[in-house]
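First up is the structure itself, then whatever we jot down about it.
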Amino acid sequence: MRRPEGPGKTWVRFYPLVLAIVIFPLVFWARDGLYFDSVYIVLYNFARAGGLIGLLLMFVQFSISERIPFLERGIGLDRLYQVHVRIGIVAGVLILLHALVLILQELVSSGLISLYFSKTLGIVAFLALPAAVLPAVGRRRFRLSYESWKWLHRLMYIVFPIGWFHSFLLGTTVNSYPAVRTFWIVLGAAFALLMLRKLLRSLGIRRRPWFVEAVDNRSEMVTGLRLRLPEQREWDHLPGQFVFLKLETQPGSRRFLEAHPFTVSSAPGSEQLELNIARAGDFTNALSSFPSGGSALVEGPYGRFSYRIHPAESYLFLAGGIGITPFLSMIRSAAESGSRQPMHLLWSVRNDESLFALEDLENAAASVPFDYQIFLTREGSADSGQAGDGACPGKKHLGRIDRACLEDLLEKKQELDPKRTAAFICGPEPMMNDLSEILRQIGFSRRRIITEQFSL
Ligand SMILES: Cc1cc2nc3c(=O)[nH]c(=O)nc-3n(C[C@H](O)[C@H](O)[C@H](O)COP(=O)(O)OP(=O)(O)OC[C@H]3O[C@@H](n4cnc5c(N)ncnc54)[C@H](O)[C@@H]3O)c2cc1C
Numbered sequence: 007m008r009r010p011e012g013p014g015k016t017w018v019r020f021y022p023l024v025l026a027i028v029i030f031p032l033v034f035w036a037r038d039g040l041y042f043d044s045v046y047i048v049l050y051n052f053a054r055a056g057g058l059i060g061l062l063l064m065f066v067q068f069s070i071s072e073r074i075p076f077l078e079r080g081i082g083l084d085r086l087y088q089v090h091v092r093i094g095i096v097a098g099v100l101i102l103l104h105a106l107v108l109i110l111q112e113l114v115s116s117g118l119i120s121l122y123f124s125k126t127l128g129i130v131a132f133l134a135l136p137a138a139v140l141p142a143v144g145r146r147r148f149r150l151s152y153e154s155w156k157w158l159h160r161l162m163y164i165v166f167p168i169g170w171f172h173s174f175l176l177g178t179t180v181n182s183y184p185a186v187r188t189f190w191i192v193l194g195a196a197f198a199l200l201m202l203r204k205l206l207r208s209l210g211i212r213r214r215p216w217f218v219e220a221v222d223n224r225s226e227m228v229t230g231l232r233l234r235l236p237e238q239r240e241w242d243h244l245p246g247q248f249v250f251l252k253l254e255t256q257p258g259s260r261r262f263l264e265a266h267p268f269t270v271s272s273a274p275g276s277e278q279l280e281l282n283i284a285r286a287g288d289f290t291n292a293l294s295s296f297p298s299g300g301s302a303l304v305e306g307p308y309g310r311f312s313y314r315i316h317p318a319e320s321y322l323f324l325a326g327g328i329g330i331t332p333f334l335s336m337i338r339s340a341a342e343s344g345s346r347q348p349m350h351l352l353w354s355v356r357n358d359e360s361l362f363a364l365e366d367l368e369n370a371a372a373s374v375p376f377d378y379q380i381f382l383t384r385e386g387s388a389d390s391g392q393a394g395d396g397a398c399p400g401k402k403h404l405g406r407i408d409r410a411c412l413e414d415l416l417e418k419k420q421e422l423d424p425k426r427t428a429a430f431i432c433g434p435e436p437m438m439n440d441l442s443e444i445l446r447q448i449g450f451s452r453r454r455i456i457t458e459q460f461s462l
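As structure tokens, then:
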């Protein structure tokens, strides 16, 4: 049996790959870059190294954002995007320092900047970089909508090739060593291939649109979407995985809105894809007034938040609000396959009105060893427990999922022994952090706690 995999392992898998790419040209740079004769020389050489590493890291960024299955499989797209943000900050800072140091040094030594083609390319990339990177890092501070910052961030598709040409024509290390020059050509070719792959993938997805069969209000805050598979198309996903969805602006317009990620709520093998979507912003608020009958583009599936990827003897599912969606798919899948592995779900919601999937839970509970409890954080009709029933008696409670409830649950349900159980958490970030911490305290090892964040 494969062991569940916690977040710790992901770094071990990805960063050596990044290091291997970066170290190769640095070995050559070190031959003439490690001189410490004066502050001027040191700054100059480190600015050169910054340019080399920055550009290579930018390339890594493209490999991440292209959602290559080989990379995604080991780590999961949500974590890969967290890595993307961190690497992006390092790459941006290195390239800005590279340009600033070299420009300032030239200004100090000769009083002006000589401009010629290869250098002008570098300056153009340097000037465009903040416009592409800053909105991605400080989106909330700049109050940019997701769509606007994404468009600005796409400037990177121009910045990288310009930066590549600049270093190819002017870079000292690149031009001094045939091995590094060859490496740079391979890098340029790999970027071109990534762009070609992107184009072909997007054409392929556009050629086979899904049909929007139904759009309905599942609760005041949640819209349900049912999509029908295009003909002659096979679809397979693991329970718990998500897709990127693009909806047609108007039925028949063939123009599509920006892609948004949503978890599939239906079980694998179903002819329809069910998505449950909570109101969070422009797109999700407008969704309930979308007409059915239009087309949708679906890309995926992605993600590693599935009990099939992290098998264990039993499962503890902790959901907050709309974070129930991956569990709906897992529970339905278990019910359809007749699984006998115990599953227990704790679902935390605001109030009774938020319980849009209660019927699905009850249906599942009737056919598999599955049980659930509801936690109402604001208000609602809770069960009244009896003295001696423990911290969280009955099916419905007022309050949050806390340590006392979890300890109580584990005491009553021996099958949820932390040594044999995989705990999955999906919900708002503070809730996931708190619950991960509590689970660690009550005996779950890191690798038995699997989380999914609903933001990339
Ligand atoms: C792996 C994953 C699975 C998800 N599954 C579900 C689900 O099953 N049901 C559900 O209701 N929500 C889900 N979400 C969240 C959902 O994608 C966002 O709520 C939605 O995209 C918000 O779009 P908006 O324009 O309405 O809101 P906005 O106000 O534009 O965005 C609100 C927040 O959502 C995120 N977001 C917005 N657009 C995108 C985008 N195109 N790509 C990535 N993140 C974006 C950003 O963090 C943003 O701050 C999931 C997110 C992820 C990453």
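The numbering used here numbers the first residue of the sequence shown as 7 and each following residue consecutively.
Beta carbons are placed, not taken as given, at the ideal position from N, Cα and C, and that holds for glycine.
Not one heavy atom of ligand 1 sits closer than 7 Å to the Cβ of Pro245.
The beta carbons of Leu244 and Phe268 sit no closer together than 8 Å. For His90, no beta strand (DSSP E) encloses it; the enclosing alpha helix (DSSP H) starts and ends at 83-116.
Assignment of Ala198 by DSSP, reduced to helix, strand and coil, places it in the helix class. Between ligand 1 and Thr331, a heavy atom-to-CB distance of less than 7 Å is present.
The region 132-146 makes no contact with the region 73-87, as fewer than three CB pairs between them are under 8 Å. Taking the C-beta atoms as reference points, Pro257 is found nearer than 8 Å to Pro297. In this structure, Tyr378 and Leu361 do not form a Cβ contact; the two beta carbons are roughly 11 Å apart against a cut-off of 8 Å.
Of the heavy atoms belonging to ligand 1, at least one sits nearer than 7 Å to the Cβ of Leu462. The region 119-205 is shown to contain whole alpha helix (DSSP H) runs of 4 or more residues at 123-143, 152-159, 162-176, 178-182, in chain order.
Taking each of Pro332, Gly169, Gly210 in turn and checking the Cα distance to Gly194, the smallest one comes out for Gly169. With contacts defined by Cβ atoms closer than 8 Å, Val165 and Gly94 do not form a contacting pair. Distance from the C-beta of Leu281 to the nearest heavy atom of ligand 1 is below 7 Å. The closest heavy atom of ligand 1 lies 7 Å or more from the beta carbon of Asn181.
In chain order, Arg261, Phe262, Leu263 place their CB closer than 8 Å to the CB of Thr255, counting only its own chain and leaving out the 5 sequence neighbours on each side. Not one heavy atom of ligand 1 sits closer than 7 Å to the Cβ of Asp366. For Pro274, the Cβ stays outside the 7 Å cut-off from all heavy atoms of ligand 1. Contact annotation, Phe248 with Gly287: C-beta distance approximately 17 Å; criterion of less than 8 Å not satisfied. Distances from the alpha-carbon of Arg239 to those of Phe217, Thr427, Phe68, Pro184 put Phe217 closest. Cα atoms of Leu121 and Ile129: separation of roughly 9 Å, rounded to the nearest angstrom.
Looking only at Ser312, Val355, Thr229, the smallest Cα-Cα distance to Phe289 is reached by Thr229. Of the residues Leu279, Trp353, Ser373, Asn357, the one whose Cα lies closest to the Cα of Ser335 is Leu279. Between the alpha carbons of Ser451 and Glu319 lies a gap of roughly 15 Å. In the structure shown, the three-state DSSP call for Cys432 is strand. DSSP places Asn282 in the strand class (E or B) of the three-state scheme. Annotation for Ala265 indicates a beta carbon within 7 Å of some heavy atom of ligand 1. Tyr152 has its CB nearer than 7 Å to a heavy atom of ligand 1.
Ranking Gly300, Met201, Arg426, Lys125 by CA distance to the CA of Ser259 puts Gly300 first. Under the three-state reduction of DSSP, Trp241 is assigned to coil, being neither helix nor strand. Distances between the C-beta of Ala284 and the heavy atoms of ligand 1 include at least one below 7 Å. Taking non-hydrogen atoms of ligand 1 into account, the C-beta of Asp222 is found less than 7 Å away from none of them. For the options Ser71, Ile47, Leu32, Pro22, the alpha carbon positioned closest to that of Leu462 is the one of Ser71. Relative to ligand 1, Glu458 has its C-beta within less than 7 Å of a heavy atom. Residue environment analysis places Phe148 among the exposed positions, since fewer than 16 neighbouring C-beta atoms fall within 10 angstroms of its C-beta. One thing to note: Ala55 has its Cβ no nearer than 8 Å to the Cβ of Leu25.
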